[in-house]
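Heads up: the sequence shown at position 128 corresponds to 127 in numbering that gives the first Met the number 0, and the numbers run straight through without jumps.
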Amino acid sequence: MWESVFTSLSAGFTARGADLDRAAAELGFPLPASYRSFCETCGIGLAGGQVRIAVPSPYEASDLATQAGVIAVSVGNAVAMLEDGGEPHRFDVEDGDPAVIERACFFGAGEDGSFLFWDVSGTGEEYDIWLLAPDLETVRFGGESLVDFFTRVTGPAAALVLGPGAAPLPARFEGISEATLARGAGLA
């Protein structure tokens, strides 16, 4: 499946079924099928030269459960700073329910400072994916699955997800090896 999304795919450190099950138990909801497939096929790395998807792993800098918490706290702290002037912070959810941010589980980040999250209110095999722009106000619909998201951001619909004027991302995935992750974590 992912070979048809990325024309160039060099897999990184991948997750196993047990890792995915552990992360799902920690987060308290089943992980989407397309995400599980991504983790088992692509693993840890950089997609489209821009997007890092957190993958269950022993390396905190890229682990899903760890990053979901770190990003949520970081966004919460930034929003609190923005509200410091007394005005309540508002998320501008394009074509969506503003409460979507309350149901967010963050699972990815863009090199530009954007964040990806699932709206975990769904009951099917997938959760809608949303992108929180670097301004921490604009929220755009990303796709109905991770495959849909990457198809959109690497194609003509890229600006609808990434923002006005954004060009499609290259359809490539550059994995990061376990040895590199271990060196980065000070374990090698």
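Here a beta-carbon is modelled for each residue, glycine too, at the ideal position from N, C-alpha and C.
The straight-line gap separating the alpha-carbon atoms of GLY95 and PRO169 is approximately 28 Å.
Listed in chain order, the non-local C-beta contacts of GLU173 below 6 Å within the same chain comprise SER9, GLY44 and LEU45, local neighbours out to five positions each way being set aside.
DSSP places ALA178 in the helix class (H, G or I) of the three-state scheme. Per DSSP, reduced to three states, the secondary structure at ALA60 is coil, with no helix or strand assignment.
Secondary structure at CYS41: coil, using DSSP grouped into helix, strand and coil. DSSP, reduced to helix, strand and coil, places THR137 within a strand of the structure shown. Between the region 74 to 90 and the region 16 to 32 there are fewer than three C-beta pairs closer than 8 Å, too few to call the two in contact. In the DSSP annotation of this structure, the continuous segment of the beta strand (DSSP E) that includes PHE106 starts and ends at 103 to 109.
For the pair PHE105 and ALA71, the CB atoms are nearer than the 8 Å cut-off. CA-to-CA, the gap between ASP83 and MET0 works out to about 46 Å.
For GLY141, the closest C-alpha among the options ALA178, PRO55 and ASP118 is that of ASP118. DSSP places PHE148 in no beta strand (DSSP E) but in the uninterrupted alpha helix (DSSP H) bounded by 145 to 152. Across the set SER33, VAL138 and LEU26, the C-alpha of VAL138 shows the shortest separation from the C-alpha of PRO97. Boundaries of the alpha helix (DSSP H) harbouring SER3: 1 to 4, taken from the DSSP string.
In the structure shown, ARG15 falls within a coil segment according to DSSP collapsed to helix, strand and coil.
With a threshold of 16 other beta carbon atoms within 10 Å, ARG51 meets it and is buried. CA-CA distance, SER176 to VAL78, rounds to 34 Å.
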